[in-house]
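Chemist:
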Amino acid sequence: MNIFDLWFCSVKLSNRIKIELMKKFNSIEDIWNYGFDVDKRSLFDYDDKKIKCCLKKAWDKIEFESLLKKTLNQGIETVNFNEDKYPRELKNYDYSPSILFYKGDISKLNEKYNVAIIGSRDCSVYGKNSANLISKELSVNNINIISGMARGIDTCAHKACLETGGYTCAILGSGIDVIYPRENKKIYDMILNIGCIISEFLPGTKPFNYNFPVRNRVISGLSNTIIVVEAGESSGSLITANLAVEQGKEVVALPGSIFSNQSKGTNKLIKDGAYPFTDFEDLFAFLGIKHIGNSEKNISRLEGIKKKISDIISDTPIHIDDIFARTNIDIKRLYELLFELQLENVVICISGNYYVKVGSTV
697 MNIFDLWFCS
707 VKLSNRIKIE
717 LMKKFNSIED
727 IWNYGFDVDK
737 RSLFDYDDKK
747 IKCCLKKAWD
757 KIEFESLLKK
767 TLNQGIETVN
777 FNEDKYPREL
787 KNYDYSPSIL
797 FYKGDISKLN
807 EKYNVAIIGS
817 RDCSVYGKNS
827 ANLISKELSV
837 NNINIISGMA
847 RGIDTCAHKA
857 CLETGGYTCA
867 ILGSGIDVIY
877 PRENKKIYDM
887 ILNIGCIISE
897 FLPGTKPFNY
907 NFPVRNRVIS
917 GLSNTIIVVE
927 AGESSGSLIT
937 ANLAVEQGKE
947 VVALPGSIFS
957 NQSKGTNKLI
967 KDGAYPFTDF
977 EDLFAFLGIK
987 HIGNSEKNIS
997 RLEGIKKKIS
1007 DIISDTPIHI
1017 DDIFARTNID
1027 IKRLYELLFE
1037 LQLENVVICI
1047 SGNYYVKVGS
1057 TV
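Numbering-wise, the sequence shown is residues 697 to 1058 according to our numbering.
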């Protein structure tokens, strides 16, 4: 990240024009030179004085130097549209964000199939359980889970993915350093260890209502397929689904009761042509991805997680809290796995919730 990334993000131009500028120049610093008339070229068929005026107006060196120092201290990084690690799926649109702020590992978005799981904040037990089940099944099948870290379905999707040790990416409607809602701080921190947090807004930006429709286009743009678990008639998830259709993405919707307000939107999506989710075999066939069956899945995934835990435990006693901190596996699931490792004669639990390898002289 540098001062020019922060400046360009704050420039009041449409993303379409920003992307056009980035395609014409090798770097954002070159765009700065163009804006300040160091480069005298006229780039557009029309008068580009307005563009140069916007570029100049946004420049405040002192402010951006201060913001740069703050963001670097927080471990915030940027990737711009021209860079290879910018998510490829998101490069297909003229209105893609020119700059993304991120924390965590962004590279996996270009390595695996990405599925967005979205839905209502005010969800039912049926919706929560469905989001949990779908997210876990997809993540253990090596699929990335994308969502918006909002209350309700988004939170369930992220949490379920984290519990399996899968990769999840949260797209924020605020600055990357502004956790919203606040009760999701624990999930935010867990995502940073094995996933990624992304925002196109400058650090410090509050979660204004008008940010979320903008955020939604990034969720759909990043994803290969969008699954809407529950949505009322006026849910923001329907905006994301409509954006996905415009982007040529597949939309899957979970059927719900005709008596449920939370399912009116999803039922309408199905009526309008969304693929109805009824079981996993059909879903994976629709996605064109091989579905690892339960027996194969338990062996391939569970052994991996157990090995990760086993590698951490040695002849020196280690407390359960330290194992949790290093693995970020859900604490309830961690206790279950440690119990299984004890049954398999791999580790021993000693006094005070400490664990050692079998054969230790402790």
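C-beta: ideal position from N, C-alpha, C; glycine also.
Please state if the CB of Ser794 and the CB of Ile867 are separated by a distance shorter than 8 Å.
Modeler: Counting from one through the sequence shown, the residue named residue 867 turns up at place 171. Counting from one through the sequence shown, the residue named residue 794 turns up at place 98. For Ile867 and Ser794, no; Cβs fall outside 8 Å.
Chemist: Between Leu918 and Lys804, what straight-line distance do the alpha-carbon atoms span, to the nearest angstrom?
Modeler: The residue given as residue 918 occupies position 222 in the sequence shown. The residue given as residue 804 occupies position 108 in the sequence shown. Near 12 Å, if we compare the C-alpha coordinates of Lys804 and Leu918.
Chemist: Residues in the same chain with beta-carbon distance under 6 Å from Ile727, minus the five sequence neighbours each way, listed in chain order, please.
Modeler: One-based indexing of the sequence shown puts residue 727 at position 31. Around Ile727: Leu717 and Phe721.
Chemist: How big is the Cα-Cα spacing for Leu939 and Phe897?
Modeler: Position 243 of the sequence shown, counting from 1, holds the residue named residue 939. Position 201 of the sequence shown, counting from 1, holds the residue named residue 897. For Leu939 and Phe897, the distance between alpha carbons rounds to 20 Å.
Chemist: May I ask which residues mark the beginning and end of the beta strand (DSSP E) holding Asn776?
Modeler: Here residue 776 is taken as the residue at index 80 of the sequence shown, counted from 1. Unbroken beta strand (DSSP E) run through Asn776: Glu773 to Asn776.
Chemist: Pull up the CB-CB distance for Asp701 and Asn776, whole angstroms please, since I reckon it's below 8 Å.
Modeler: The residue labelled residue 701 in the question sits at position 5 within the sequence shown. The residue labelled residue 776 in the question sits at position 80 within the sequence shown. Rounded, the Cβ-Cβ distance is 7 Å, consistent with contact.
Chemist: Would you call the segment 850-863 and the segment 811-825 in contact, with 3 or more CB pairs under 8 Å?
Modeler: yes
Chemist: What is the residue span of the alpha helix (DSSP H) that Lys766 lies within?
Modeler: Stepping through the sequence shown from its first residue, residue 766 is reached at position 70. Counting along the chain, the alpha helix (DSSP H) containing Lys766 begins and ends at Lys757 to Asn769.
Chemist: Can you give me the C-alpha to C-alpha distance between Pro783 and Lys945, rounded to a whole angstrom?
Modeler: In the sequence shown, residue 783 corresponds to position 87, counting from 1. In the sequence shown, residue 945 corresponds to position 249, counting from 1. Distance between the alpha carbons of Pro783 and Lys945 is about 16 Å.
Chemist: The ligand ZN and Glu879: does the residue's C-beta get closer than 7 Å to at least one heavy atom of that ligand?
Modeler: The ligand ZN is absent from the structure shown, which contains no ligand whatsoever.
Chemist: Can you tell me which of the three DSSP states Tyr1050 falls into?
Modeler: On the sequence shown, residue 1050 is found 354 positions in, with the first residue counted as 1. Looking at Tyr1050 - three-state DSSP - the assignment turns out to be strand.
Chemist: Helix, strand or coil, according to DSSP, for Tyr730 in the structure here?
Modeler: Reading the sequence shown from its first residue, position 34 is the one you call residue 730. Residue state, collapsed to three classes: helix.
Chemist: What does the Cβ neighbour count give for Glu879, buried or exposed, with the cut at 16 atoms within 10 Å?
Modeler: Residue 879 sits at position 183 when you count from the first residue of the sequence shown. Exposed is the call here.
Chemist: Look up Gly848 in the DSSP assignment and say whether it is helix, strand or coil.
Modeler: By one-based count along the sequence shown, residue 848 stands at place 152. Coil, per DSSP.
Chemist: DSSP puts Tyr782 in a beta bridge; with which residues?
Modeler: In the sequence shown, residue 782 corresponds to position 86, counting from 1. According to DSSP, which records beta bridges pairwise, Tyr782 is partnered with nothing at all.
Chemist: So what does Thr864 bridge to, in DSSP terms?
Modeler: Position 168 of the sequence shown, counted from the first residue, corresponds to residue 864. Paired residue(s): Ile841.
Chemist: I need the boundaries of the alpha helix (DSSP H) containing Val910, first residue and last residue.
Modeler: Within the sequence shown, numbered from 1, the residue matching residue 910 stands at position 214. First-last of the alpha helix (DSSP H) with Val910: Asn907 to Leu918.
Chemist: Count the other C-beta atoms from every protein chain shown that fall within 10 angstroms of the C-beta of Gly932, then say buried if there are 16 or more, exposed otherwise.
Modeler: Within the sequence shown, numbered from 1, the residue matching residue 932 stands at position 236. Buried, since its Cβ has 16 or more Cβ neighbours within 10 Å.
Chemist: Excluding the 5 residues preceding and the 5 following Ile954 in the sequence, name in chain order all residues of the same chain whose CB lies nearer than 8 Å to its CB.
Modeler: For the purposes of this step, residue 954 is taken as residue 258 along the sequence shown, with counting starting at 1. If we look at Ile954 and ignore the five residues flanking it on each side, its Cβ neighbours are Asn963.
Chemist: Counting only runs that start and end within the segment 919-947, where is the beta strand (DSSP E) found for 3 or more residues in a row?
Modeler: Along the segment 919-947, the beta strand (DSSP E) occurs as fully enclosed runs of 3 or more residues at 921-924, listed in sequence order.
Chemist: Exposed or buried, what is Arg913 when buried is set at 16 or more other beta-carbons lying within 10 Å of its beta-carbon?
Modeler: Residue mapping note: residue 913 aligns to position 217 of the sequence shown, counting from 1. Answer is buried; the Cβ neighbour count reaches 16.
Chemist: Determine whether the beta carbon atoms of Ile1005 and Leu1033 lie at a separation below 8 Å.
Modeler: Along the sequence shown, one-based indexing puts residue 1005 at 309. Along the sequence shown, one-based indexing puts residue 1033 at 337. Their beta carbons are under 8 Å apart, which means Ile1005 touches Leu1033 by this criterion.
Chemist: Leaving aside the five residues before and after Ser808 along the sequence, list all residues of the same chain whose C-beta is less than 8 Å from its C-beta, in chain order.
Modeler: Here the question's residue 808 lines up with position 112 in the sequence shown. According to the sequence shown, residue 808 is Lys rather than Ser. Around Lys808: Asn838, Ile839, Asn840 and Tyr863.
Chemist: Roughly how many angstroms lie between the CA atoms of Gln770 and Ile1016, to the nearest whole one?
Modeler: Looking up residue 770 in the sequence shown gives position 74. Looking up residue 1016 in the sequence shown gives position 320. Those two C-alpha atoms are separated by around 28 Å.
Chemist: Looking only at its own chain, which residues have a Cβ that is under 7 Å from the Cβ of Gly800, when we skip the five neighbours before and after it?
Modeler: Translated into the one-based positions of the sequence shown, residue 800 becomes position 104. The answer, listed in chain order, is Ile887, Leu888, Gly891, Cys892 and Ile893.
Chemist: So the candidates are Tyr906, Tyr789, Lys1003 and Cys819; which of them puts its Cα closest to the Cα of Leu950?
Modeler: Within the sequence shown, the letter at position 254 stands for residue 950. Comparing Cα positions, the closest option is Cys819.
Chemist: Report the residue from Val947, Gly1000 and Ile830 whose alpha carbon sits nearest the alpha carbon of Cys857.
Modeler: The residue labelled residue 857 in the question sits at position 161 within the sequence shown. Of the listed residues, the one whose Cα sits closest to Cys857 is Ile830.
Chemist: Would you tell me roughly how many angstroms separate the C-alpha atoms of Pro1013 and Glu859, rounded to the nearest one?
Modeler: Position 317 of the sequence shown holds residue 1013. Position 163 of the sequence shown holds residue 859. Cα to Cα, Pro1013 sits roughly 25 Å from Glu859.
Chemist: Tell me the residue span of the alpha helix (DSSP H) that contains Gly882.
Modeler: Taking the first residue of the sequence shown as 1, we reach residue 882 at position 186. According to the sequence provided, residue 882 is Lys. The question's Gly does not apply to it. Residues Lys881 to Ile890.
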